[in-house]
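All residue numbers for the sequence shown refer to our numbering, where the first residue is 95 and numbers rise by one.
Even for Gly, the Cβ is constructed at its ideal location relative to N, Cα and C.
The block underneath contains the structure these notes are about, expressed in structure tokens.
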Amino acid sequence: MVESPGTLQELVVEFIASHVKEVCTSRVSLDDNTHRLYFRDSNAFCHQKVANLLLMTMDRKGLLDDLNMTLFDPVVLRLSQVTLHNANNVTCKGLRILKSHQIQSVEVKNLSKVSVDELISCFGEWTLNNIQALSVSGSTFTSHTSNAVCKGNTLSTKLYVGLSKLKNLHMLNVSGTELSFHALLNICNDLHMLSSLDISNCSKLESVECLRIRKNTLKSLNMYNLKVLRMEETKQVLLELKGLIHLDISENKGSQDPIDRLMPMKPIVPDLLRETVFGPNLRSLDISGQDQTKLEDLHFFLKGHPKLEFLGLMLTSLCLDTVFLDGYNITVTGVARADQLIEALKRYPSRMEYVPKILYKIFMLTTHFEAPRPDVIKLILPVMNMHSKQSPIQLAGTACLYNLTKGQVGEQIHPHILRDVVHTTLTAMSIFPDHAQLQKNGLLTLCCDRILHEVSFDKYWCARLVLDCLLTFNDSSTDRMAVAICSILAAKISTAQTALLGAKSVYMRKLLTLVQIRMEEKSVDITLKFTLSALWNLTDESPATCEVFLAENGLTLFLKLLTVFAQDAAVETKVLGLLNNIAEVSPLRSALINEPFVSQLKTLLWSPNVDVSYFAAGIVAHLVCAGHDSWDESGISKEDLLEELGKVVTSWEQPKDEMVAYRSFQPFIPLLTALNMHQVQLWAVWALHHVTTKNSKRYCHMLVREGVDDVLRKLVALPGSNASVRELAGKVVDVLHENGFTKDT
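Right, dumping it as structure tokens:
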């Protein structure tokens, strides 16, 4: 493995976050007469690092609401950092718990139900005086409960009154907000310690002249995608900010408003780069999207800034310059090389205009990756989750994930990373069910033995999405992958879940149609085999699915299959396996008791292939347990069938490999207790002996858990039971003893 599992601390926090109802209890607080969450263990306490991680994890999972926020009582969970990116269900009521904490940094995004001032009003006195970092990107300063009708500067002053209280604030991110010039002026005047400011994407900002006030404190300034980047006044301001170490003056290509295009303004970046006094202390400069910049301008700047460590050149041709391709000692974002693209993904995850281009270029590179790159996967997943409803990002992202997890490269990716890959892929498939290529990308990723067998994920959700995909698209490669995935997952989900899937007529009809087409073409391809396996697993211990199968004329189709593909053991085994599932359902047995099918069964009983013979015998064993009325009406001799069943079972030799997998042994109990039909008992004990000797670790425990071991012991002890049955049942009991399951267990 390239990657190690998560730490014990991370795993425990993940568990607590996902099982809050199990580890906590809710009761009314005596302090404020409201419902609060408490750990069931009254001695529970977590230090700040764990408390911060738990809040972040619950937020990432979208689990935070007002009630869950009450869990963070400082007596038990003391916070020093608050990160809320997915807290749309949290209101001021839930945030008031923060008053009791001593918080040093807060980062919220798109806090839809709480304004920034309301958020700050939830801070305690210590936090107001000591908080150093505040990020409210994409949030609003306008209260949802406010009825104020203030105008102009008065409104700006009222809206930003909360920020003025944070006198010790060093870092402020108000990107993507309705920040105006007057609000920025208040910030610059009131926050004397401000060293890092992000005002990117503030569309209402008409001037940044007031930044001069903070020229002695500002070290980092982000101005991505601002109108003022095309104003001469802004250039003069930036020339005065000589203390800057980091400056982002990047923009989107073609992001100007239509009105601005009618009155084009000269971009300031080329002139800035030519100014010898510009940014004397800069270590980091981002001019991504500034494609009007010439190479000679950039070279002039680089010559005068030998200490520069980072240069953003995304969406420009400047990144292709040979100076950056020949080992120049500087980190660059761009599209020229893998390292430029990976750095771009790290720095611009929230930029919807950049991300699709970055992911597309990464996809082109991943086709040639020969070593596992979990680092790249870990960058792609959060970007896809952040932009879950953006189809270009999801399309490119799912394509990248397939390339990064396929074949031998994927074999070296740790299962917990693959789990996250699957979850993100399924999310994309669920949001864009009609996007053919995206669905195909998802199927390509999922159609992997290692993922389907070794990775933990919501297999029912996956099976349902795959079947929906099968219904939506009429494409041979989609059909093949969908039924392959479904055939495996149907055996791994619960019987209740298989019933939910199999009992849907539209799913059954589609699967049977795929079988019908191949039968008419007399083609035994991989799609037919997977479809038969899927149907077999969907009907396993699911009477509801069996009923739908019969209602959709599946029995007629399957009897034809036995004729068309006679002597094809692979097809015969799968067909008989499904019919065996129907035979297990008492009310449905009469559908199988008819002369044409029983005649076929008699032939198949003596198939030279033991798998075919075994399942044919299993069907017989269940059918002969049907009531006399079913047999009397058919005109078929049940006694003749029983005699044939006994003969064929005694003729078998144990195969080398395991023939069948069982979810439960409950259907065997009626067969083992069929005292007047020792042939039926013989088939049942032969089957139990076969699976317990081939896979004792799985099946011995199942026998004991379901009480079948007691039935076997009674058979061994019963003097009147058939000698062959008694002997074989004894051998199964011996296997139980050998594996530590004694009678006392």
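Expressed to the nearest angstrom, what Euclidean distance is found between the alpha-carbon atoms of residue i and residue j?
i      : j      : result
Leu332 : Leu366 : 9 Å
Val853 : Thr518 : In the structure as shown, the chain begins at 95 and stops at 839. Residue 853 is therefore absent and cannot be evaluated.
Ser206 : Thr185 : 9 Å
Thr836 : Val819 : 20 Å
Asn162 : Leu389 : 54 Å
Gln533 : Cys563 : 7 Å
Asn842 : Ser444 : Nothing can be reported for residue 842, as the shown portion of the chain is limited to 95 through 839.
Val477 : Val503 : 22 Å
Leu72  : Ser617 : No answer is possible for residue 72: it lies beyond the span of the chain, which begins at 95 and ends at 839.
Ile611 : Asp726 : 37 Å
Phe463 : Leu498 : 8 Å
Val829 : Val785 : 11 Å
Leu812 : Asp552 : 46 Å
Val282 : Ile339 : The sequence as given places Cys at residue 282; Val does not occur at that position. Taking the straight line from one Cα to the other gives about 18 Å.
Asn703 : Ala663 : 7 Å
Leu323 : Ile362 : 6 Å
Leu392 : Pro400 : 13 Å
Lys654 : Val609 : 11 Å
Ala111 : Leu148 : 7 Å
Tyr318 : Asn182 : 26 Å
Thr744 : His772 : 12 Å
Lys483 : Leu291 : 29 Å
Exposed or buried, which one is residue i when buried takes at least 16 other CB atoms within 10 Å?
i      : result
Ile191 : buried
Tyr496 : buried
Gly536 : buried
Ile620 : exposed
Leu822 : buried
Asn127 : exposed
Gly814 : exposed
Gly648 : buried
Pro466 : buried
Val169 : exposed
His179 : buried
Ser274 : buried
Met575 : buried
His141 : exposed
His113 : exposed
Lys668 : buried
Ser571 : exposed
Glu678 : buried
Leu102 : exposed
Asp211 : buried
Can you tell me the Cβ-Cβ gap for residue i and residue j, rounded? I've got them flagged as a contact below 8 Å.
i      : j      : result
Ile545 : Leu512 : 6 Å
Ser707 : Ser701 : 5 Å
Val560 : Cys542 : No, Val560 and Cys542 are not in contact; Cβ-Cβ is about 13 Å, not under 8 Å.
Thr151 : Arg134 : About 19 Å; that fails the 8 Å criterion.
Val200 : Leu228 : 5 Å
Arg368 : Glu334 : Actually they are not in contact, since the Cβ atoms of Arg368 and Glu334 sit about 17 Å apart, beyond 8 Å.
Leu222 : Leu189 : Their Cβ separation, rounded to whole angstroms, is 14 Å, which puts Leu222 and Leu189 out of contact at 8 Å.
Ser294 : Asn280 : In fact, because the Cβ distance is near 19 Å, the residues do not count as touching under 8 Å.
Lys440 : Leu473 : 6 Å
Glu437 : Gln384 : With 8 Å as the limit, Glu437 and Gln384 do not qualify as a contact, their Cβ atoms being about 17 Å apart.
Leu673 : Phe652 : 7 Å
Ser194 : Thr236 : Not confirmed; about 27 Å, so no contact.
Ala490 : Leu453 : 4 Å
Q) Where in the stretch 448-500 do unbroken runs of the alpha helix (DSSP H), each at least 4 residues long, occur, reported from the N-terminal end onward? A) 449-460, 468-480, 485-499
Q: Quick one: which unbroken alpha helix (DSSP H) runs of 4-plus residues sit fully inside the stretch 156-180? Chain order, please.
A: 160-163
Q) Does the stretch 444-452 come close enough to the stretch 417-425 to have 3 or more Cβ pairs within less than 8 Å? A) no
Q.
Would you call the stretch 683-690 in contact with the stretch 765-776, where contact means no fewer than 3 C-beta pairs closer than 8 Å?
A. no
Q.
Between the stretch 205-223 and the stretch 256-265, can you find at least three pairs of beta-carbon atoms closer than 8 Å?
A. yes
**Q.** Stretch pair the stretch 789-799 + the stretch 772-781: three plus CB contacts closer than 8 Å
**A.** no
Q | Touching by the beta-carbon criterion (3+ pairs, under 8 Å), the stretch 499-512 and the stretch 539-557 | A | yes
**Q.** Runs of beta strand (DSSP E) lying entirely within the stretch 252-282, each at least 3 residues, in chain order
**A.** 265-267
Q: Give, in chain order, every unbroken run of the alpha helix (DSSP H) that is at least 4 residues long and sits entirely within the stretch 694-748.
A: 704-717, 722-728, 732-745
Q: Would you check if there are 3 or more beta carbon pairs closer than 8 Å linking the stretch 638-645 to the stretch 659-667?
A: no
Q) Does the stretch 630-644 come close enough to the stretch 580-594 that 3 or more CB-CB pairs lie under 8 Å? A) yes
**Q.** Meets three-Cβ-pair contact criterion under 8 Å: the stretch 363-379 and the stretch 389-409
**A.** yes
Q) Which residue spans inside the stretch 757-813 form an unbroken alpha helix (DSSP H) run of at least 4? A) 762-766, 772-788, 790-799, 802-811
**Q.** Complete alpha helix (DSSP H) runs within the stretch 101-125 (minimum length 4 residues, chain order)
**A.** 102-112, 114-117
Q) Which ranges would you report for the alpha helix (DSSP H) in the stretch 503-544 if only whole runs of at least 4 residues count? A) 509-525, 530-540
Q) What runs of the alpha helix (DSSP H), each 4 residues or longer, lie entirely inside the stretch 647-684? A) 648-658, 663-677
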